[in-house]
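**Q** Let me begin by handing over the structure; questions about it come next.
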Amino acid sequence: QKEVEQNSGPLSVPEGAIASLNCTYSDRGSQSFFWYRQYSGKSPELIMSIYSNGDKEDGRFTAQLNKASQYVSLLIRDSQPSDSATYLCAVSFGNEKLTFGTGTRLTIIP
Amino acid sequence: GAVVSQHPSWVICKSGTSVKIECRSLDFQATTMFWYRQFPKQSLMLMATSNEGSKATYEQGVEKDKFLINHASLTLSTLTVTSAHPEDSSFYICSARTGTSGTDTQYFGPGTRLTVL
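Residue numbers (our numbering), protein chains in the order written: chain A, 1376 to 1485; chain B, 7 to 123.
Encoded structure:
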């Protein structure tokens, strides 16, 4: 069974610091990787997608993928209170459905 | 980014009644749509995968006769909760994929909060 694991947290980070969120996956053949943010009571919204090894940057967000280690991470620079949310890692292989992790709850402390 | 809408955003119904939830992709055609359920403080649970023009594929443990899914067009999928009971109260979220490949992005609708009295 394909699994995606995340530390459930809560992860507390001071405002302005870097928040680091980690995710590991079991299926070595996974090809597509996504990070979603979900505020309490709301649906998930896409932050980033990454498909190749290395880093991908978008504003304050950087996704990092290491397929050899089956590891994907999300870095949030200059963390803001509005970044406080649950972050979901999602992985897929081929045209299969996404497999989600259980999410990491992030709290940015002013 | 692509926009997915859901209607209604919240609904309260009596036990035993049926409720229909609509999911629309507003600015793209979605061959595949997904229906999720989320209970408080829990993760997303995939209920079914809906492909336009064909029968939905349900996840193990999801009753296909209770949760009827119709994907009649490339922009609309509906979920009908039949004979709803209080234990069906949950946050129902649909998502739509921009293409047929797993590399294509899934965008989520805003969700429908169902309360069954």
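From the three backbone atoms N, C-alpha and C, an ideal C-beta is built for every residue, glycine too.
Mind checking A1443 (chain A): buried by the 16 CB within 10 Å criterion, or exposed?
**A** With fewer than 16 Cβ atoms within 10 Å of its Cβ, A1443 (chain A) is classed as exposed.
**Q** Anything in the region 1416-1432 of chain A with a Cβ closer than 9 angstroms to a Cβ of chain B? List those residues in chain order, please.
**A** The residues in question are G1416, K1417, S1418, P1419, E1420, L1421, S1424, Y1426.
**Q** With a threshold of 7 angstroms between beta carbons, is F34 (chain B) in contact with chain A?
**A** No, its Cβ sits nowhere closer than 7 angstroms to a Cβ of chain A.
**Q** At 9 angstroms on the CB atoms, spell out the chain C contacts of T1437 (chain A), in chain order.
**A** Absent from the structure: chain C. Protein chains present are A and B.
**Q** With a threshold of 8 angstroms on Cβ separation, who are the neighbours of H91 (chain B) within its own chain once the five nearest residues in sequence on each side are excluded?
**A** S21, G22, V122, listed in sequence order.
**Q** To the nearest angstrom, report how far apart T88 (chain B) and Q1439 (chain A) are at their CA atoms.
**A** Approximately 43 angstroms between the Cα atoms of the pair.
**Q** Going by the beta-carbon positions, is the gap between F1436 (chain A) and I1425 (chain A) smaller than 7 angstroms?
**A** Not a contact, by the Cβ cut-off of 7 angstroms.
**Q** Mind checking if G117 (chain B) is an interface residue toward chain A, Cβ cutoff 7 angstroms exclusive?
**A** At least one chain A Cβ lies under 7 angstroms of G117 (chain B).
**Q** Using 8 angstroms for Cβ pairs, my map puts S5 (chain B) next to F40 (chain B). What's the rounded Cβ distance?
**A** Only positions 7 to 123 of chain B appear in the structure, and residue 5 (chain B) is not among them; the question remains open.
**Q** Locate the beta strand (DSSP E) running through S79 (chain B), then write down its first and last residues.
**A** Note, S79 (chain B): beta strand (DSSP E), 73-79.
**Q** To the nearest angstrom, how far is the alpha carbon of I1483 (chain A) from that of G1416 (chain A)?
**A** Rounded to whole angstroms, I1483 (chain A) to G1416 (chain A) spans 18 angstroms at the Cα level.
**Q** Flag this pair as yes or no: are the beta carbons of L85 (chain B) and I18 (chain B) separated by less than 7 angstroms?
**A** No, Cβ-Cβ distance for L85 (chain B) and I18 (chain B) is not below 7 angstroms.
**Q** Residues of chain A with CB closer than 7 angstroms to the CB of L52 (chain B), please, in chain order.
**A** Under the 7 angstroms cutoff, chain A gives K1472.
**Q** As a quick exercise: from B:S79, B:S60, B:M53, pick the residue whose alpha carbon is nearest that of G67 (chain B).
**A** It is B:M53 whose Cα lies nearest to the Cα of G67 (chain B).
**Q** Please tell me whether S1395 (chain A) has its Cβ less than 7 angstroms away from any Cβ of chain B.
**A** No, its Cβ sits nowhere closer than 7 angstroms to a Cβ of chain B.
**Q** Just the Cα atoms here: how many angstroms apart are L74 (chain B) and S95 (chain B)?
**A** Roughly 16 angstroms between the two C-alpha positions.
**Q** Y1462 (chain A) to E93 (chain B), Cα distance in whole Å?
**A** In a straight line, the C-alpha of Y1462 (chain A) is about 27 angstroms away from that of E93 (chain B).
**Q** Return helix, strand or coil for S1457 (chain A), following the three-state DSSP convention.
**A** In the structure shown, S1457 (chain A) sits in a helix (DSSP, three-state: H, G or I).
**Q** Counting only C-beta atoms, is S1459 (chain A) closer than 7 angstroms to chain B at any point?
**A** For S1459 (chain A), the answer is no, since every Cβ of chain B falls outside 7 angstroms of its Cβ.
**Q** For the beta strand (DSSP E) that contains H91 (chain B), what are its first and last residues?
**A** Element bounds for H91 (chain B): n/a, residue is neither H nor E.
**Q** Can you list, in chain order, the residues of its chain with a C-beta nearer than 6 angstroms to that of R1452 (chain A)? Leave out the 5 residues immediately preceding and following it.
**A** If we look at R1452 (chain A) and ignore the five residues flanking it on each side, its Cβ neighbours are I1393, R1435.
**Q** DSSP beta-bridge partners for M39 (chain B)?
**A** Looking at the DSSP assignment, M39 (chain B) forms a beta bridge with B:S56, B:A102.
**Q** Taking the C-alpha atoms as reference points, what is the distance between L1396 (chain A) and G1469 (chain A)?
**A** Whole-angstrom Cα-Cα distance: 25 angstroms.
**Q** What number of angstroms, rounded off, separates the C-alpha of E1380 (chain A) from the C-alpha of S60 (chain B)?
**A** Near 32 angstroms, if we compare the C-alpha coordinates of S60 (chain B) and E1380 (chain A).
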